[in-house]
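Student: Mind looking over this structure? Questions follow.
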Amino acid sequence: MTSKLNAANAAAVDAHSREFLVFSLGEEEYAVDILKVQEIRGYENVTRIANAPDFIKGVTNLRGVIVPIVDLRIKFHLDKVEYGGQTVVIVVNVGERIVGIVVDGVSDVMSLTPEQIKPAPEFGVTLSSDYLSGLGSLEDRMLVLVDIEKLLTSEEMALVDHVAE
Amino acid sequence: MDITDFYDTFFEEAEELLGDMERHLLELDLDDPDAEQLNAIFRAAHSIKGGAGTFGFDVLQHTTHLFENILDYTRRGELALRRDIVDTFLETKDMLHDQLDAYRNGDQPDAEAYARICQTLQQMAREEIGVEVDEGAPAPAAQPEPTPAPAAESTPEPVGESGDHLEVALIKVDHKNRELLVEELGQLGEVLSQRSDGERYLVTLDTSASADDIEAVMCFIIDADQVEVRSLPAQQQAAPETLPAAAESTEPAASPAADEPSVPAAAAPKDAPAKAPSSKPKAKAAAGESTSIRVPVDKVDQIINLVGELIITQSMLDQTASELDGVAHGAMVNGMNLLQRNARDLQEAVMSIRMVPMDYVFSRFPRLVRDLTAKLDKDVELVTEGKSTELDKSLTERIIDPLTHLVRNSLDHGIETPDKREAAGKPRTGRLTLSAQHQGGNILIEVIDDGAGLNREKLLTKARDNGLSVSDSMSDDEVWQLIFAPGFSTAQEVSDVSGRGVGMDVVKRNIQGMGGHVEILSRPGEGTTTRIVLPLTLAILDGMSIKVGNEIFILPLGAVLESLQPTEEELYAMAGDDVLLKVRDEYLPVIAVHEVFDVENACTKYTDSIAVIVQGEGRRYALLVDDLIGQQQVVVKNLETNYRKVSGVSAATILGDGSVALILDIADMHRLSRIKKEARHASRLPSGVNAPVPFKEVEPS
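These protein sequences, in sequence, are chains A and D.
The end of the first sequence is residue 165 by the UniProt record's numbering, with every number in the run present.
The end of the second sequence is residue 701 by the UniProt record's numbering, with every number in the run present.
If you want it as structure tokens, here you go:
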């Protein structure tokens, strides 16, 4: 299940386009900057952490490194949260940290030109537009481009000890 | 490559040399100084001077130059040592250290302090020896004088007095390094010619630098025996000795130093900051100076981590292999056993890299004791025991401050003045012992003084003044613990030695932060012993794995006192939902892990659980778990690297099956349990009966 993503294989379509890894949460399609993604692996062997928010599933052993696992489906209040063979963990590098995010599936790697990236609307109580880098418009599909670094280091994710605490 | 690349090496080595110098100065027997020690002190000063000259640290160079001249007199027995002279030497050493620090931070050393120390040293030379030493005039190019080598047989090559034209022979140096070295030489002077002669590569150089300096620079890149420097005979020199300015600074005879040794300048010592074993007496070389390497700590840590992974993989394999039929797969089982042994050996060997002897810590105390006793007018002999006891490097660094504090306390408050001691029938000289020894997986460090001991009455009075709740019936041990309370000091006067009352609680906190504890034993009139118990390393922990529900946790074995299965008669309810467990004559609060950590499917019936009696931060309580699995050594992994601090948990580890287990923080569990209970109380109506009644089995809530 674990496969290293080779950023080089999807050669840039043009110099200004950015590449995104597209993943699904329920019926919705989201995408993160591919350069933040370290690897994709299966969901297994997660040790629960007591008294943590419910979307923090716990920690797992990534070749000797203890990595927290966040379930974005719970964080985004999706109705159906199931763990099965298709459930994958995208391991991302944010700042100096490594965090795993649980998603329903990873579909493909997309190249988006600046014209295809629309500004994010001022919406959402659940997902503040602060954590979005825009909306990707691709024919009839809409990708929610998540600024994964901002999201995961935000205070509400409770993943990082904030100085204020 | 730039010469600044070598700065760090110089700083580190100069620091070591200063440390050696101090140690030798302190060990000196004033009446009958050991010639070898005097030589060692001289050599240290000389090496620093050479390095400082090479790198252009003028102030440092001049100070060491003055210092070296005076040391030379002591070495030749022309200056008798006295305590105050040694004091000045020590002061000079401190000044050199300050200067070194300044250069390291990219600053210029304090000019005023420099002027002062120069004056002191010059004055000493005038008064004690009756000569004027080199004033260290602003001649940045001042060269180290050829001085007699500690070992006369070293460096047989004659090094001429005026080193204008030097021939540098590089022996068996590969092409790449050779280019580098020639380039380096080009910075020191003008390269006149270079030619290859079999294994030797000869470079002729027109330079104002001395042979010593050149060797010093070369030694950073190649071994000392790979380079030979000799000055060319006079007739071969293009410009004879009439070079006006350069000759002045390089010609030792022309320098105002009237102290030139009469020994022919045949054998100049290599003043390289680099290791130059050949210039040292053979015995020194045999001591293995060059058999060690410098390695950054994170590299070592990386190896330790990797070995930890290997151990985990090995135990994973072991688990799989244990399910195989031992007869059919005999070779496999044997191989696994071998692998296990090798992996453990490897782990031990790697862990030992991080270990440093306690001497690293203890060696800084002779100076402290010497300075403090002088200041306090006391007479104290310092004894150190178990200097070779090894401890993790990170711990030795953190133990220095607490130990310093304890030593200061013992000197200030513990040991009495000589007169008082005599009156009490004790020898005038007090005795302070620092000892270290291994005890199981721990190290035991003791600070023992034979002073007056703690004063029970004084402590109690002071405690009352501070508003602590104390009673006269407290046991001695409990009274001694009082001095660890914040803001507690019984010193009548605040001195700059101790007595601000911010000390002992910090000492205790620091030691607890290292996973250790501290206790005090004291007897009036006989002295006080402070005992520190520390784990040997923070990277590996002796743990006890426990099971709650389907989850596995690790308890630090050091915190576990005993475990037992509680019976209904031993359990008492208090204030509603608090439960106490009677163990022998003690009632201990019961904390159920499944309640604190909300573990599902856990055993909620207290009498079916196992109570592990634990102790943390002085609190003792019973931790209720489902099952004990076993003892094992675990590699401690930081949770905060990628996550955050989790209350009740100190760190994590990886189990044999590759899953993560949390290591419980015993003291924090107690706090967490209180917070959870309060939260539960807040959300619930107060219950009726709160009287202590015999325990009734609680229904799972």
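Idealized CB from N, CA, C, for every residue including glycine.
Values in this document were obtained by computation on a predicted structure and should not be read as measured data.
Starting from the beta carbon of K645/D, find every residue of chain A whose beta carbon is closer than 9 Å, and list them in chain order.
Tutor: Under the 9 Å cutoff, chain A gives D161.
Student: In this structure, does DSSP put R48/A in helix, strand or coil?
Tutor: R48/A: coil per DSSP, three-state reduction.
Student: Mind listing the chain A neighbours of E309/D? Cutoff is C-beta to C-beta under 8 Å, in chain order.
Tutor: By Cβ distance, chain A contributes R63, G64.
Student: Which residues, in order along the stretch 97–108 of chain A, keep a beta-carbon less than 8 Å from a beta-carbon of chain D?
Tutor: Correct list: R97, I98, V99.
Student: Name the chain A residues that come within less than 7 Å of A652/D, Cβ to Cβ?
Tutor: Correct list: V59, I66.
Student: Is the CB of T87/A under 8 Å away from at least one CB in chain D?
Tutor: No - not a single Cβ of chain D is within 8 Å of the one on T87/A.
Student: Contact check, A423/D vs G525/D under 8 Å by CB: the rounded distance?
Tutor: Contact flag wrong, Cβ pair sits at about 11 Å.
Student: Is there a Cβ of chain D sitting closer than 8 Å to that of A120/A, yes or no?
Tutor: No, its Cβ sits nowhere closer than 8 Å to a Cβ of chain D.
Student: Hey, which unbroken runs of the beta strand (DSSP E) at 3 residues or more fall wholly within the stretch 305–363 of chain D?
Tutor: For the stretch 305–363 of chain D, whole beta strand (DSSP E) runs of length 3 or above, ordered along the chain, are 355–357.
Student: Is it the case that the stretch 137–144 of chain A contacts the stretch 80–89 of chain A, given that we only count it when at least three CB pairs across the two stretches are under 8 Å?
Tutor: Because the criterion of three Cβ pairs below 8 Å is not met, the stretch 80–89 of chain A and the stretch 137–144 of chain A do not touch.
Student: Quick one: is R41/A near chain D, going by C-beta distance under 8 Å?
Tutor: With 8 Å as the cut-off, R41/A does not count as an interface residue toward chain D.
Student: Determine, using beta carbons only, whether R370/D and L18/D come nearer to each other than 8 Å.
Tutor: It is not a contact, given that the beta carbons lie outside the stated cut-off.
Student: Three or more C-beta pairs under 8 Å: does that hold for the stretch 41–52 of chain A against the stretch 619–635 of chain D?
Tutor: Segments in contact, no.
Student: Going by C-alpha to C-alpha distance, which of G467/D, R456/D, T74/D, H46/D sits closest to D32/D?
Tutor: Checked all of G467/D, R456/D, T74/D, H46/D; the closest Cα to D32/D is T74/D.
Student: Can at least three beta-carbon pairs, one atom from the stretch 385–394 of chain D and one from the stretch 523–539 of chain D, be found at a separation below 8 Å?
Tutor: Enough Cβ pairs lie closer than 8 Å, so yes.
Student: Run through the DSSP bridge pairs and tell me what A575/D is partnered with.
Tutor: Its beta-bridge partners do not exist; DSSP assigns none.
Student: Can you tell me whether P402/D is buried or exposed? The criterion is at least 16 other CB atoms within 10 Å of its CB, across all chains shown.
Tutor: Buried: at least 16 other Cβ atoms inside 10 Å.
Student: Excluding sequence positions up to five away, which residues of its chain have a Cβ less than 7 Å from the Cβ of E183/D?
Tutor: Excluding sequence neighbours, E183/D sits near nothing in its chain.
Student: Taking 8 Å as the threshold (beta carbon to beta carbon), is N93/A in contact with chain D?
Tutor: No - not a single Cβ of chain D is within 8 Å of the one on N93/A.
Student: Per the contact definition of three or more C-beta pairs closer than 8 Å, is the stretch 142–159 of chain A in contact with the stretch 57–65 of chain A?
Tutor: The answer is no - the stretch 142–159 of chain A does not touch the stretch 57–65 of chain A, with fewer than three Cβ pairs under 8 Å.
Student: How far does the alpha helix (DSSP H) with S545/D in it extend, from its first residue to its last?
Tutor: Per DSSP, S545/D belongs to no alpha helix (DSSP H); it is in the beta strand (DSSP E), 540–548.
Student: Between N93/A and the rest of its own chain, which residues show a CB-CB distance below 7 Å, the 5 nearest in sequence each way excluded?
Tutor: Excluding residues within five positions, the ones whose Cβ falls inside 7 Å are K36, Q38.
Student: On the criterion of 16 or more Cβ atoms from any shown chain inside 10 Å, does I293/D qualify as buried, or is it exposed?
Tutor: So I293/D counts as exposed.
Student: From the DSSP output, read off the bridge partner residues of F89/D.
Tutor: F89/D is not bridged to any residue.
Student: Helix, strand or coil for F11/D? Go by DSSP, reduced to three states.
Tutor: F11/D: helix per DSSP, three-state reduction.
Student: Output the boundary residues of the beta strand (DSSP E) element that contains E82/A.
Tutor: Segment: none, E82/A is in no beta strand (DSSP E) and carries neither H nor E.
Student: Using beta-carbon positions only, say whether V560/D and V614/D come within less than 8 Å of one another.
Tutor: Yes, the Cβ-Cβ distance between V560/D and V614/D is below 8 Å.
Student: Can you pull the chain A neighbours of L346/D, defined as C-beta to C-beta under 8 Å?
Tutor: None at all; the shortest Cβ gap to chain A is about 16 Å.
Student: Looking at chain D, is there any beta carbon in it that lies within less than 8 Å of the beta carbon of R73/A?
Tutor: Chain D, which has no Cβ nearer than 8 Å to the Cβ of R73/A, makes this no.
Student: Please specify which runs of the alpha helix (DSSP H), each continuous and at least 4 residues long, are wholly inside the stretch 571–656 of chain D, giving them in chain order.
Tutor: With a minimum length of 4 residues, the continuous alpha helix (DSSP H) runs that stay inside the stretch 571–656 of chain D are 593–596.
Student: Since V579/D and L571/D should fall inside the 8 Å C-beta cutoff, what is the C-beta to C-beta distance between them, to a whole number of angstroms?
Tutor: Yes, V579/D and L571/D are in contact; Cβ-Cβ is about 6 Å, under 8 Å.
Student: Using a C-beta cutoff of 8 Å, does N305/D count as contacting chain A?
Tutor: Yes - at least one Cβ of chain A is within 8 Å of the one on N305/D.
Student: Show which residues of chain D have a CB atom less than 7 Å away from the CB atom of I49/A.
Tutor: Under the 7 Å cutoff, chain D gives V646.
Student: Name the chain B residues whose beta carbon is nearer than 8 Å to that of F597/D?
Tutor: In the structure shown, chain B cannot be found, because the protein chains are A and D.
Student: Contact between the stretch 314–323 of chain D and the stretch 409–418 of chain D is defined here as three or more beta-carbon pairs at a separation below 8 Å; is this criterion met?
Tutor: No, the stretch 314–323 of chain D is not in contact with the stretch 409–418 of chain D.
Student: On the premise that Q633/D lies in contact with D542/D, defined as a C-beta separation below 8 Å, what is that separation, rounded to the nearest angstrom?
Tutor: D542/D to Q633/D, Cβ: 6 Å. Contact.
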